Amino acid sequence: MPRTTTDRLLRAALLLKGLDGAVELLAGVALALVGPRELGELTRRVVAHHLLGSPRGALAERFTAAEAALGGGDRAFAVVYLTLHGLVKLGLVVALLRELRPAYPVAICVLAVFIGYEAYRAARTGSSVLWAAAALDLAITVLVVREYRRLTAARPPPRGSQRRPRRGTW
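Quick note on full-length UniProt numbering: the sequence shown kicks off at 1 and runs consecutively.
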């Protein structure tokens, strides 16, 4: 049960990451199951019914361009990326919520990779959304590091892992 504000922030951030991972996983599976023709029809309906604003607006044009890219060679990459990314996020969130200590260094490394990739893409595309995602992942990383330090300080190492003092020297 969360005890401090930091604990509550970490739990909330992990739940958001878990939700994000579930959405990515479902999107990857849906993209794998939906054919290019159905995807094109869905795009036409969304744009025609002004669900993204004007059919000639920037958001509608980006949506249509994304659909065109997914109709080509980017589809397989998107399916694999979304599915694996979602699974990794969900797995790490479950492990961290269960406070499994070996998962913390893995999560920190994975988050560092996410931050690096998001910052790289943000710099190349000028996307403020990606900068915000990188900042959020950085904040989550700080919380994970703090929680890991708290857990390792609170619990002694497993039995048998302590080093024995040396008996004499060479």
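All C-beta atoms in this analysis are idealised placements derived from N, C-alpha and C, irrespective of residue type, glycine included.
Given the structure is predicted, the values throughout are model-derived calculations rather than measurements.
Note down the Cα distance separating Ala13 from Tyr120, rounded to an integer number of angstroms.
-> Taking the straight line from one Cα to the other gives about 23 Å.
Could you name each continuous alpha helix (DSSP H) segment of 4 residues or more that falls completely within the region 79-162, going from the start of the chain to the end?
-> Unbroken alpha helix (DSSP H) runs of no fewer than 4 residues, entirely contained in the region 79-162, are found at 103-125 and 128-154, following chain order.
When the Cα of Lys89 is compared with those of Val145, Leu42, Leu15 and Arg150, which residue comes out closest?
-> Minimum Cα distance to Lys89 is reached at Leu15.
Flag this pair as yes or no: are the beta carbons of Gly28 and Gly91 separated by less than 8 Å?
-> Taking 8 Å as the cut-off, the beta carbon of Gly28 is found no closer than this to the beta carbon of Gly91.
Counted within 10 angstroms of its Cβ, other Cβ atoms place Glu147 as buried (16 or more) or exposed = Under this definition Glu147 is a buried residue.
Are the beta-carbon atoms belonging to Leu111 and Tyr104 less than 8 Å from one another?
-> No, these two residues do not count as a Cβ contact at 8 Å.
Residues near Glu24 by beta carbon distance below 6 Å, same chain, minus five either side = Excluding positions up to five away in sequence, the list reads Leu82, His85 and Gly86.
Residue closest to Thr141, alpha-carbon to alpha-carbon, out of Ile115, Pro102, Ala76 and Thr152 | Taking each of Ile115, Pro102, Ala76 and Thr152 in turn and checking the Cα distance to Thr141, the smallest one comes out for Ile115.
Any idea what DSSP makes of Gly35, helix, strand or coil?
-> Coil.
Please say whether Ala78 and Leu31 have beta carbons closer to each other than 8 Å?
-> Yes. Within cutoff.
Cα separation between Leu39 and Val106?
-> Between the alpha carbons of Leu39 and Val106 lies a distance of about 36 Å.
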